[in-house]
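Visitor:
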Ligand code: ADP
Ligand code: ADP
């Protein structure tokens with residue numbers, strides 16, 4: 016089943032910039048797909064359209080079987096992680112992870128439990144009470160991942176999440192991410208300009224052309240996952 020279907024999708028910004036030009040791609044449930052391409056080729060714009068933050072100007076985008084409706088799918092079905100995903104500095108790690116649950120009709124106790132589970136998944140169960148500034152860059156990224164996962168999204172969008180981390184931290188987070196992806200049965204869309212990272216992590220790599228972005232080719236880098 017396709018989780019994302021983009022056909023003939025383009026984005027022209029009001030100032031005339033063509034950021035994305037006629038992208039066609041279907042993404043199946045359970046894939047881990049990376050988008051690689053030079054800076055400015057439209058990777059983030061594709062993610063913003065998938066997440067409903069911005070509209071496409073042409074073509075159609077289906078997410079989880081329904082036509083995109085800007086902002087609508089966003090909260091529960093799609094999780095996000097960005098390189099500089101900001102944590103609220105005056106809230107504890109646990110409170111930060113609970114944020115996506117804010118508007119869910121659940122008891123506070125359930126929300127705390129779910130946030131604690133998400134933190135356990137990223138290896139931070141002993142840091143629930145810490146403040147973001149007490150954590151290293153890698154740990155903050157783990158908190159951001161826990162926050163993205165807490166509402167159990169079907170789709171996880173990650174935009175250069177590990178770009179700012181040192182090599183050792185990046186490697187350990189890469190293997191953590193694979194473990195989480197395999198255990199959570201999610202579909203992951205991952206932006207990187209690091210080809211090695213893309214090939215190491217992904218089941219498929221979508222290679223984009225320089226601006227305006229098209230998906231030039233999509234390479235299967237692993238056999239279809241289990
Ligand atoms: P990438 O993520 O691959 O680096 P982006 O999706 O951020 O690329 O940008 C693609 C192109 O769209 C770039 O040329 C960028 O300058 C342009 N662009 C992005 N956002 C806007 C905007 N709000 N208004 C005008 N042009 C934009
Ligand atoms: P609550 O949990 O009741 O929303 P917060 O701890 O989030 O309360 O803080 C309430 C308000 O105080 C925030 O909306 C913010 O504007 C301000 N605030 C408190 N601490 C900080 C901080 N370290 N940095 C920026 N704003 C802060």
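Numbering (the UniProt record's numbering), first residue to last: 16 to 241.
Using N, Cα and C, we set each Cβ at its ideal position, and we do this for glycine too.
None of these values were measured; they are calculated from a predicted model.
Which residues mark the beginning and the end of the beta strand (DSSP E) in which residue 77 is found?
Guide: Translated into positions along the chain shown, residue 77 becomes position 62. Here the beta strand (DSSP E) through residue 77 covers 73-78.
Visitor: Return yes when the Cβ of residue 156 is within less than 8 Å of the Cβ of residue 188, no when it is not.
Guide: Taking the first residue of the chain shown as 1, we reach residue 188 at position 173. Taking the first residue of the chain shown as 1, we reach residue 156 at position 141. Yes; because the gap between Cβ atoms is below 8 Å, this pair is in contact.
Visitor: Give the DSSP-derived three-state secondary structure of residue 32 in the structure shown.
Guide: Within the chain shown, numbered from 1, the residue matching residue 32 stands at position 17. Correct three-state label for residue 32: coil.
Visitor: According to the neighbour-count rule (16 or more other Cβ atoms, all chains shown, within 10 Å of its Cβ), is residue 118 buried or exposed?
Guide: Taking the chain shown and counting its residues from 1, one reaches residue 118 at position 103. Exposed, by the Cβ-count rule.
Visitor: Is residue 69 helix, strand or coil by DSSP?
Guide: Reading the chain shown from its first residue, position 54 is the one you call residue 69. DSSP, reduced to helix, strand and coil, places residue 69 outside both helices and strands of the structure shown, so it counts as coil.
Visitor: Around the Cβ of residue 124, are there at least 16 other Cβ atoms within 10 angstroms (buried) or fewer (exposed)?
Guide: In the chain shown, residue 124 corresponds to position 109, counting from 1. It counts as exposed.
Visitor: For the alpha helix (DSSP H) that contains residue 184, what are its first and last residues?
Guide: Here residue 184 refers to the residue found at position 169 of the chain shown. Note, residue 184: alpha helix (DSSP H), 182-199.
Visitor: Are the beta-carbon atoms belonging to residue 225 and residue 162 less than 8 Å from one another?
Guide: Counting from 1 along the chain shown, the entry for residue 225 is found at position 210. Counting from 1 along the chain shown, the entry for residue 162 is found at position 147. Not in contact: residue 225 and residue 162 (Cβ atoms no closer than 8 Å).
Visitor: According to DSSP, simplified to helix, strand and coil, what is residue 159?
Guide: Your numbering for residue 159 matches position 144 in the chain shown. Three-state DSSP puts residue 159 in a helix.
Visitor: Going along the chain, which residues of its own chain have a beta-carbon closer than 6 Å to the beta-carbon of residue 30, five neighbours each way excluded?
Guide: Translated into positions along the chain shown, residue 30 becomes position 15. The answer is none, since no qualifying residue turns up.
Visitor: Checking the sheet assignment: what are the DSSP bridge partners for residue 81?
Guide: Within the chain shown, residue 81 is the residue found at index 66, counting from 1. Residue 81 pairs with 78.
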